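S.K.: Residue numbering for the sequence shown follows our numbering, starting at 2 and increasing by one per position. Here it is: the structure, laid out below.
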Amino acid sequence: MSFEEGVFKNTFKGCDEENFYVSVFERNLYVAQHKGESEKVQKRVTVYSTPSCSWCTTLKNHLNIHKIRFTDVDVSKDQRAAEAMVKKSGQQGVPQIDINGQIIVGFDKNKINLLLGIGA
């Protein structure tokens, strides 16, 4: 779990490399910076997932590796969020990612990277 100013912000699940947790506890994980530039403008990113979904874990790991801040919504525990997800995308499958209102169903790495400016 992570907290910001005493407020719960996120839950981290699974097995990750030691440096991932060091970054989390040093509060460096989600600061996305380019060399010689100030902070990038952070896009609004929401991941719709379930705990048993391996592609969901792959997607979240990809975002963490690239220091992209995101909100993780567990649709297996939040029926309203699941209904909202289906209303937005017309799809029930996970993972789904909402990047500033653009929905991607599944782990489409190339499209996600394009929308987030990863590798650009």
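We put the beta carbon where it would ideally sit given N, CA and C, even for glycine. Note that the coordinates shown come from a computational prediction; the quantities given were computed from them, not determined experimentally.
Exposed or buried, which one is T47 when buried takes at least 16 other CB atoms within 10 Å?
M.R.: In the sequence shown, the residue the question calls residue 47 occupies position 46. Buried: at least 16 other Cβ atoms inside 10 Å.
S.K.: What does a CB cutoff of less than 7 Å around N29 pick up in its chain, not counting 5 residues either side in sequence?
M.R.: On the sequence shown, residue 29 is found 28 positions in, with the first residue counted as 1. With a pLDDT of 46 at N29, under the threshold of 50, the predicted position of this residue should be treated as unreliable, and no value is reported.
S.K.: With contact counted as at least three CB pairs below 8 Å, one residue from each stretch, are the stretch 46-64 and the stretch 76-84 in contact?
M.R.: The stretch 46-64, when compared against the stretch 76-84, does touch it at the 8 Å Cβ threshold.
S.K.: Roughly how many whole angstroms lie between the Cα atoms of Q92 and C57?
M.R.: As a position in the sequence shown, residue 92 is number 91, starting the count at 1. As a position in the sequence shown, residue 57 is number 56, starting the count at 1. Looking at the two C-alpha atoms, the distance is approximately 15 Å.
S.K.: In the structure shown, what three-state DSSP assignment does T72 receive?
M.R.: Numbered from its first residue, the sequence shown carries residue 72 at position 71. Of the three classes helix, strand and coil, the one that applies to T72 here is strand, per DSSP.
S.K.: Using DSSP's beta-bridge definition, name the partner residues of Q97.
M.R.: Along the sequence shown, one-based indexing puts residue 97 at 96. Bridge partners of Q97: Y49 and V106.
S.K.: Please name the residue, chosen from R45, T59, I66 and K44, that lies closest to F108 on a Cα-to-Cα basis.
M.R.: Counting from 1 along the sequence shown, the entry for residue 108 is found at position 107. F108 has its Cα closest to that of T59, out of R45, T59, I66 and K44.
S.K.: For Q103, is the classification buried or exposed, using 16 other Cβ atoms within 10 angstroms of its Cβ as the cut-off for buried?
M.R.: Sequence index remark: in the sequence shown, residue 103 carries index 102 (1-based). Per the 10 Å Cβ criterion, exposed.
S.K.: Near D99, what residues of its chain come up, given a Cβ to Cβ distance below 6 Å and the 5 sequence neighbours on each side ignored?
M.R.: Taking the first residue of the sequence shown as 1, we reach residue 99 at position 98. Once the five neighbours on either side are set aside, the close Cβ partners of D99 are T47.
S.K.: Give the range of the alpha helix (DSSP H) segment to which C54 is assigned.
M.R.: Residue numbering aside, residue 54 sits at position 53 when the sequence shown is read from its first letter. Segment: none, C54 is in no alpha helix (DSSP H) and carries neither H nor E.
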